[in-house]
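Numbering (the working numbering), first residue to last: 384 to 764. All C-beta atoms in this analysis are idealised placements derived from N, C-alpha and C, irrespective of residue type, glycine included. A short worksheet on the structure shown next.
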DNA sequence: AAATCGGGGTT
DNA sequence: AACCCAGATTT
């Protein structure tokens, strides 16, 4: 099979050589035209049927979808999205809701700062502190919206001719243009973004951007891409040079740091003690059982410190109930669960944290991270 | 440029 | 067990 990639990528055939910056990727007008036509053609026949694609003109609906989709797979998002839009169908309903309820709909989805920023941005817009964004630049002024998300919203909902370069597009473009620099580097991302910017058409920019994503999800997958089914195979420089298996180049992620914690679940009658996590860190604003880093201490000493912090007096000895392992990108947690029934239900004093004694039903309505939700399975008695 | 911020599906 | 996902923000 004779590839067009070599000829079409040749700088000498580029229509606008002057636009290429230092180290920029030259794309001929013919090449750009080919990519646009073939990718959109493929998309017309292969586009996934996704909930937010039924509201393409609704910037709010696109916005919510794009925030949820940050670093999160489509299949994971769908159910969260449907529930969220059912409860908050527009920016006004979201703006007047308490953050706890927003977090409640977000629990299990991760990166909870996204929910805070979404809520905060909704309030900014509902209060009309700023005008409703009319382009990508306007969207990017809101907290939680970066270059990618702004481009996605503006291209899909507003029809603006801007790219939306996510991890998918970086991978596909690195292969298509045979870029073997580390796609983690700022310089590489800048070059690929510049290429994406030149490729996005004036007509149907939103469909075009989404077509990259569908292609990346269905054909140009991270491992073993289906090049024999790819509509851009003839334009793919990586394929022509036999480099697909090596592309994209990316430095390996570091291993997560192991963290061991003791969890002390205090119970009184049918209630358990929970506390709300402080703003800003992990699981910001979510509820959890009292827990403490073990570090180099023994479990019994860590538990003793935890009980001293809670200042709930002496009681019986906590009983060990099991371990919840919870893996994050940068941390590998193991929560060692201990259970202790108290004769009295007093609230800890002077901890600068919000504590509550709650029934199981009440706990169900509070936002709790996945790890501490799993702790519940160890407390059946 | 590197670290931080969740959780889960694929390979 | 490694990889990576419709990234943004802070350091």
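Give the straight-line distance between the Cα atoms of residue i and residue j, rounded to the nearest whole angstrom.
i: residue 753; j: residue 671; result: 10 angstroms
i: residue 423; j: residue 429; result: 10 angstroms
i: residue 518; j: residue 597; result: 24 angstroms
i: residue 635; j: residue 629; result: 13 angstroms
i: residue 561; j: residue 541; result: 32 angstroms
i: residue 532; j: residue 662; result: 24 angstroms
i: residue 558; j: residue 457; result: 22 angstroms
i: residue 755; j: residue 440; result: 39 angstroms
i: residue 583; j: residue 714; result: 38 angstroms
i: residue 575; j: residue 621; result: 14 angstroms
i: residue 641; j: residue 719; result: 13 angstroms
i: residue 588; j: residue 639; result: 38 angstroms
i: residue 550; j: residue 686; result: 43 angstroms
i: residue 459; j: residue 433; result: 12 angstroms
i: residue 568; j: residue 728; result: 54 angstroms
i: residue 610; j: residue 659; result: 49 angstroms
i: residue 780; j: residue 548; result: What is shown of the chain runs 384 to 764, which leaves residue 780 out entirely.
i: residue 494; j: residue 726; result: 38 angstroms
i: residue 677; j: residue 735; result: 21 angstroms
i: residue 502; j: residue 447; result: 10 angstroms
i: residue 485; j: residue 472; result: 13 angstroms
i: residue 511; j: residue 442; result: 16 angstroms
Write down the C-beta distance between residue i and residue j rounded to the nearest angstrom, noting that I regard them as a contact closer than 8 angstroms.
i: residue 758; j: residue 646; result: 6 angstroms
i: residue 536; j: residue 593; result: Not really, about 12 angstroms apart at Cβ, beyond 8 angstroms.
i: residue 506; j: residue 524; result: Actually they do not touch by this definition, with Cβ atoms about 14 angstroms apart.
i: residue 704; j: residue 722; result: 5 angstroms
i: residue 410; j: residue 578; result: 6 angstroms
i: residue 669; j: residue 750; result: 5 angstroms
i: residue 418; j: residue 556; result: The pair is not a contact, with the Cβ atoms about 10 angstroms apart (cut-off 8 angstroms).
i: residue 730; j: residue 738; result: 5 angstroms
Would you kindly report the start and end of the unbroken alpha helix (DSSP H) that includes residue i?
i: residue 687; result: 682-693
i: residue 523; result: 519-523
i: residue 599; result: 588-601
i: residue 555; result: 550-559
i: residue 572; result: 569-582
i: residue 662; result: Element bounds for residue 662: n/a, residue is neither H nor E.
i: residue 473; result: Per DSSP, residue 473 belongs to no alpha helix (DSSP H) and is neither H nor E.
i: residue 425; result: 412-429
Please list, in chain order, all residues of the same chain as residue i whose beta carbon is under 7 angstroms from its beta carbon, the five residues on each side excluded.
i: residue 500; result: 526, 527
i: residue 571; result: 562, 564, 565
i: residue 580; result: 546
i: residue 707; result: 718, 720, 754, 757, 758
Run through DSSP, which three-state label would residue i get?
i: residue 752; result: coil
i: residue 656; result: strand
i: residue 492; result: coil
i: residue 703; result: strand
i: residue 446; result: helix
i: residue 759; result: helix
i: residue 670; result: strand
i: residue 440; result: coil
i: residue 499; result: helix
i: residue 512; result: coil
i: residue 710; result: strand
i: residue 530; result: helix
Considering residue i, what are the terminal residues of the beta strand (DSSP E) in which it resides?
i: residue 714; result: 714-724
i: residue 643; result: 640-651
i: residue 675; result: 673-676
i: residue 781; result: No answer is possible for residue 781: the residues shown for the chain start at 384 and end at 764.
If I measure Cβ to Cβ from residue i and keep anything under 6 angstroms in the same chain, skipping five residues before and after, which residues do I get?
i: residue 650; result: 724
i: residue 613; result: 602
i: residue 709; result: 716, 754
Quick one: residues in its chain with C-beta nearer than 8 angstroms to the C-beta of residue i, no 5 flanking neighbours on either side, listed in chain order?
i: residue 463; result: 451, 488, 489, 491, 492
The ligand ATP and residue i: does the residue's C-beta get closer than 8 angstroms to at least one heavy atom of that ligand?
i: residue 732; result: The model on display carries no ligand, and the ligand ATP is accordingly not part of it.
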